[in-house]
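K.L.:
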Amino acid sequence: MCGIFGYIGKKSASDLLVKGLLRLEYRGYDSSGIVVKNGQLQSYKDTGKISEMASALPRLKGSMGIAHTRWATHGGVTKENAHPHVSNDGKVAIVHNGILQNSNLLRKRLTKIGVELNSETDSEIFCHFIAMELDQGKEPLEALQSVLSMVRGTWGLCVLFEDYDYVLCARNGSPLIIGRGKEEMFVSSDPHAIREHTDQLVALEDGQIAKVSARDFQVMQTDGQEVESMLLHLEEEWSESEIGDYPHFMLKEIHEQSESLQHCISGRLRHAEGTSVLGGLQIQPQNLAQLPHVRLIGCGTALHAAQIGQILIEQWARVPAVSHVASEFNANDPVINPNALHLAISQSGETADTLSAVKEIQRKGADVYGIVNVVGSSIARQCGKGVYIHSGPEQSVASTKAFTNMVGALTLFSLQLGRSRHLSKTKGKMIGREMRKLPDKIRTYLENPGPINAAVELILKAKSVLFLGRGISSPVASEGALKLMEIAYIPCLAYPAGEMKHGPIALIEENSPIVVIAPDDGVQERTLNAIHECKARGAKIILIHEEGDPISEVGDICIPVPSTIPMLTPLLTVLPTQLIAYHAALELGNDVDRPRNLAKSVTVE
Ligand code: M6R
Numbered sequence: 005m006c007g008i009f010g011y012i013g014k015k016s017a018s019d020l021l022v023k024g025l026l027r028l029e030y031r032g033y034d035s036s037g038i039v040v041k042n043g044q045l046q047s048y049k050d051t052g053k054i055s056e057m058a059s060a061l062p063r064l065k066g067s068m069g070i071a072h073t074r075w076a077t078h079g080g081v082t083k084e085n086a087h088p089h090v091s092n093d094g095k096v097a098i099v100h101n102g103i104l105q106n107s108n109l110l111r112k113r114l115t116k117i118g119v120e121l122n123s124e125t126d127s128e129i130f131c132h133f134i135a136m137e138l139d140q141g142k143e144p145l146e147a148l149q150s151v152l153s154m155v156r157g158t159w160g161l162c163v164l165f166e167d168y169d170y171v172l173c174a175r176n177g178s179p180l181i182i183g184r185g186k187e188e189m190f191v192s193s194d195p196h197a198i199r200e201h202t203d204q205l206v207a208l209e210d211g212q213i214a215k216v217s218a219r220d221f222q223v224m225q226t227d228g229q230e231v232e233s234m235l236l237h238l239e240e241e242w243s244e245s246e247i248g249d250y251p252h253f254m255l256k257e258i259h260e261q262s263e264s265l266q267h268c269i270s271g272r273l274r275h276a277e278g279t280s281v282l283g284g285l286q287i288q289p290q291n292l293a294q295l296p297h298v299r300l301i302g303c304g305t306a307l308h309a310a311q312i313g314q315i316l317i318e319q320w321a322r323v324p325a326v327s328h329v330a331s332e333f334n335a336n337d338p339v340i341n342p343n344a345l346h347l348a349i350s351q352s353g354e355t356a357d358t359l360s361a362v363k364e365i366q367r368k369g370a371d372v373y374g375i376v377n378v379v380g381s382s383i384a385r386q387c388g389k390g391v392y393i394h395s396g397p398e399q400s401v402a403s404t405k406a407f408t409n410m411v412g413a414l415t416l417f418s419l420q421l422g423r424s425r426h427l428s429k430t431k432g433k434m435i436g437r438e439m440r441k442l443p444d445k446i447r448t449y450l451e452n453p454g455p456i457n458a459a460v461e462l463i464l465k466a467k468s469v470l471f472l473g474r475g476i477s478s479p480v481a482s483e484g485a486l487k488l489m490e491i492a493y494i495p496c497l498a499y500p501a502g503e504m505k506h507g508p509i510a511l512i513e514e515n516s517p518i519v520v521i522a523p524d525d526g527v528q529e530r531t532l533n534a535i536h537e538c539k540a541r542g543a544k545i546i547l548i549h550e551e552g553d554p555i556s557e558v559g560d561i562c563i564p565v566p567s568t569i570p571m572l573t574p575l576l577t578v579l580p581t582q583l584i585a586y587h588a589a590l591e592l593g594n595d596v597d598r599p600r601n602l603a604k605s606v607t608v609e
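Numbers 5 to 609, taken from the working numbering, label the letters of the sequence shown in order.
1. What is the rounded straight-line gap between the Cα of P443 and the Cα of Q261?
2. Determine which residues share a DSSP beta bridge with D50 and list them.
3. Taking only three categories from DSSP, how would you classify K544?
4. Count the other C-beta atoms from every protein chain shown that fall within 10 angstroms of the C-beta of N601, then say buried if there are 16 or more, exposed otherwise.
5. Just checking my contact of A309 with L414 at CB under 8 Å: how many whole Å lie between their CB atoms?
6. Is the beta carbon of R423 sitting closer than 8 Å to the one on G412?
7. Is the Cβ-Cβ distance between L450 and H259 less than 8 Å?
8. Along the chain, where does the beta strand (DSSP E) containing V573 start, and where does it finish?
9. From the DSSP output, read off the bridge partner residues of S192.
10. Within the segment 379-453, note down every full beta strand (DSSP E) run reaching 3 residues or more, in order along the chain.
11. Let me confirm a value: P88 is counted as buried when at least 16 other C-beta atoms fall within 10 Å, else exposed. Which label applies?
12. Which of the three DSSP states is assigned to A306 in this structure?
13. Count Cβ pairs between the segment 98-108 and the segment 129-143 that sit closer than 8 Å; are there 3 or more?
14. If you compare alpha carbons, which of Y30, G24 and A17 is closest to V39?
15. Can E230 and Q222 be called in contact, C-beta distance under 8 Å?
16. What distance in whole Å lies between the Cβ atoms of R27 and A197, which are believed to be in contact at a cut-off of 8 Å?
17. Within the present structure, is the beta-carbon of G302 separated from the nearest heavy atom of ligand 1 by less than 7 Å?
18. Classify I604 as helix, strand or coil using the three-state DSSP reduction.
19. Pull up the distance between the alpha-carbon of D357 and that of A325, whole angstroms please.
20. For the beta strand (DSSP E) containing N336, name the first residue and the last one.
21. What whole-angstrom Cβ distance do I476 and P570 have, given they're in contact under 8 Å?
22. If you measure from the CB of K256, is any heavy atom of ligand 1 nearer than 7 Å?
23. Take C162 as the anchor and find which of Q204, F190, M136 and E277 has the nearest alpha-carbon.
24. Could you check whether Q46 and L64 sit closer than 8 Å to each other, using their CB atoms as the reference points?
25. Give me the Cβ distance between E137 and V151, rounded to the nearest whole Å; I'm assuming they're in contact under 8 Å.
26. Please tell me whether, using a cut-off of 7 Å, the distance from the CB of S327 to the nearest non-hydrogen atom of ligand 1 is below it.
27. Name the two residues that bound the continuous alpha helix (DSSP H) containing T115.
28. With 16 as the cutoff for other CB atoms within 10 Å, does E56 come out buried or exposed?
29. Closest to P342 by C-alpha separation, out of I365, G484 and V171, would be which residue?
30. Find the nearest neighbour of I463 within the set T355, K544 and L121, judged by alpha-carbon distance.
31. Using a 10 Å radius around the Cβ and a threshold of 16 neighbouring Cβ atoms, would you call Q290 buried or exposed?
32. Taking just the CA atoms, how far does G593 sit from K215?
33. For ligand 1, is there any heavy atom lying closer than 7 Å to the beta carbon of E490?
34. Quick check on this structure: which residue in A501, K467 and D525 has the alpha carbon closest to the alpha carbon of E513?
35. Let me check you understand the geometry: is the CB of K487 closer than 7 Å to at least one non-hydrogen atom of ligand 1?
36. Should Q351 be counted as a contact of ligand 1 given a C-beta to heavy atom distance under 7 Å?
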């Protein structure tokens, strides 16, 4: 939630800050602001979109500054609550991501000693306390250390001082990275916002502080002890963040799926051996043979990818596998077997619920492998092992190409796991061959996506939409429902097709739209029963099926996708559901890339 961007160098900071914020806008977009040092600290902030704030922005000179785009937690969406917050003497400005649990107490303490508070936020206390510490003759670092010892909660924090030529940053639970350029430094919540300036970055760990000047930075523990940080390299794919000719990032990212899946699988399939190799997921053969079970953990779209991974692992490797909603994981005090395999799946690598599940598993003595998109993100670093899915930057809040690559990476892993256990080479080769064809099949489908508009027209007339799928298509149904709900704000229910008759069937009225995912996968016949049960009650079926399949006879609106082997169908059947959501949201005039109330990475539990 919320995005931070900072610049310390020789160029005009204001332009770079606005550009950086625009790249981070998907992290939060209810208000934004910047502060630049030019002798004095000059700041500007407002509610609304970053572009609106930027167009009203007065000329702020200076080559050092920090900026913020907000997703409100404490305090409503007002100009006063937007960041930056500046101390009353004008000498300290801060931007903060995270939540302070003891902010009420600290606000009261400030009021009691006569400090005027200008917002309702928890964050504001930082600038006042730091200014007070400076007044008492402390150096900025000492002042920050002292304030950090008072607060409880999470922070990604940047502090700019009127009297000093550096920015102080601190991290505890909210991501911050430092990008190293040539005589210039960048600070950001996400790596892709700095990729056009530099490909070298350092990710701060929890409990660390950094002092960042134009030529250098030092990273230290909160107690001031210097630490050596590892410089990470940000690959070229992370520079692909311009919208180009597309009207929305979501549409761009839907169309990038062919290429991004290619990135995910290329170099990882081994045809001769009928297997795949995921370097970060190499497990000792003796451990593999004795693997008791696999647990996969994620939220939202990542959870749906995990549910598909669960089925693939059981099918191909014959190891019991179970997927978990990350936000529920710790609540149930799970029994952790250190010999089991644990996979944490996340696009952003910052989702607090998933990160917290990872820590719980590690605390109970097991390793966790990350299946993550964002390089150097918290989950990737906390796991310390795993694979990147190589989707490149995903900027639309509604996840599309990351889903495809999560499923792609899990498919590769299931193949690798299967081959190291019971899956035959012949079957492995066949799977590999079919996987290689997928990027082209995705492209072919997207060139001619079928009657999406007719499906949207039907959906827009309804109060709610039911999504049905069976077996490996059941998580695809859930993913389709999530997408339509989050950007079109249409109530949706996803159910395993066979379970529909145990309750949701009561919802069906004349012309109720039901999206059915029904590839020819061996369980289709029973999905057909559910279709007939729905049709008998007046429902209209939007049928997503494989090309040339006679099942199309039962659909009212039929959307064919290229055919493949059953276990790979989610990578194709999900595409029409993404387009349906996109076009429905568009028809309704919604902000497709920035749906209301949501943020791209959810860094609070
Ligand atoms: O970054 P993550 O993959 O961990 O995010 C998990 C969910 O917050 C995310 O998938 C969310 O559900 C998306 N907005 C769905 O499109």
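Note that beta-carbon positions come from the ideal geometry of N, C-alpha and C, so glycine has one too.
P.N.:
Reading it off the structure:
1. 8 Å
2. S36
3. strand
4. exposed
5. 6 Å
6. no
7. yes
8. Note on identity: in this sequence residue 573 is Thr, with Val being the wrong assignment. Per DSSP, T573 belongs to no beta strand (DSSP E) and is neither H nor E.
9. F9 and I181
10. 390-392
11. buried
12. helix
13. yes
14. A17
15. yes
16. 4 Å
17. yes
18. Looking at the sequence provided, one finds Lys at residue 604 rather than Ile. Note: K604 maps to coil in three-state DSSP.
19. 20 Å
20. It is not in any beta strand (DSSP E) - N336 carries neither H nor E in the DSSP assignment.
21. 7 Å
22. no
23. F190
24. yes
25. 6 Å
26. no
27. S107 to K116
28. exposed
29. I365
30. K544
31. exposed
32. 45 Å
33. yes
34. K467
35. yes
36. yes
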